[in-house]
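To keep things clear, I will list the structure first and then write my remarks on it.
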Amino acid sequence: MTATSSNDHTHADRTAAGNSGVPDSVAAWEERYAEADDAIWSGNPNESLVAVVSEMTPGSVLDVGCGEGADVVWMAENGWDATGIDLSTTAIDRARRAAESRGISAEFAVADVSTWEPDDPDRRGGFDLVTGSFLHTRLPDTREELLTRVAAHVAPGG
């Protein structure tokens, strides 16, 4: 499930120091998505992700910071058991609608990757692939902690 369109504007008054253009709160991300009548991204999957993932055998994948879900939808269309999480309710709603409109089965959740756990206990630490092509961190000093948290979702051998 995914959605897309483009609108590259930033909100300097709502950004973290040293991380220009990145909203610093869940409310700011929600506002960024909600103020647009349509999707704010292109709807196309990340070209680098496509190039790498196309060579892999599909399995389970988690996309953190999935936004409107273009990568999740593409992976689901290509045989992956795909899950996407994002802070924005509007982004996840668009992702679900996009997947449904294409007849794609994928899981989406409104969640903060720093605290999120899959509902299915078998999925905890059990994704074959974890991606975050456009995951934004609010502050530079939280990046290592966030990436450690994301890495915990990768299955052994993933």
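Per my numbering, residue 4 is the first one in the sequence shown, and the count goes up by one each step.
Cβ atoms here follow ideal geometry from the backbone N, Cα and C, with glycine treated the same way.
Backbone secondary structure at residue i - three-state DSSP
| i | result |
| --- | --- |
| residue 148 | helix |
| residue 66 | strand |
| residue 55 | helix |
| residue 85 | strand |
| residue 116 | coil |
| residue 237 | The structure shown does not extend to residue 237, since the chain is modelled only from 4 to 161, so the question has no answer here. |
| residue 110 | strand |
| residue 124 | helix |
Nearest-angstrom Cβ-Cβ length linking residue i and residue j, presumed shorter than 8 angstroms
| i | j | result |
| --- | --- | --- |
| residue 87 | residue 72 | 5 angstroms |
| residue 101 | residue 76 | 6 angstroms |
| residue 69 | residue 39 | Incorrect: roughly 17 angstroms between the Cβ atoms, too far for contact. |
| residue 85 | residue 109 | 4 angstroms |
Candidates the options: closest to residue i by CA position
| i | options | result |
| --- | --- | --- |
| residue 89 | 78, 118, 77, 82 | 118 |
| residue 62 | 137, 100, 132 | 132 |
| residue 33 | 102, 114, 54, 84 | 114 |
| residue 154 | 68, 130, 59 | 130 |
| residue 156 | 93, 134, 128 | 128 |
| residue 116 | 66, 35, 54, 97 | 66 |
| residue 51 | 121, 110, 78, 37 | 78 |
| residue 150 | 160, 136, 109 | 136 |
| residue 74 | 60, 93, 111, 92 | 111 |
| residue 91 | 161, 159, 152, 31 | 31 |
Per DSSP, the bridge partner or partners of residue i
| i | result |
| --- | --- |
| residue 130 | 157 |
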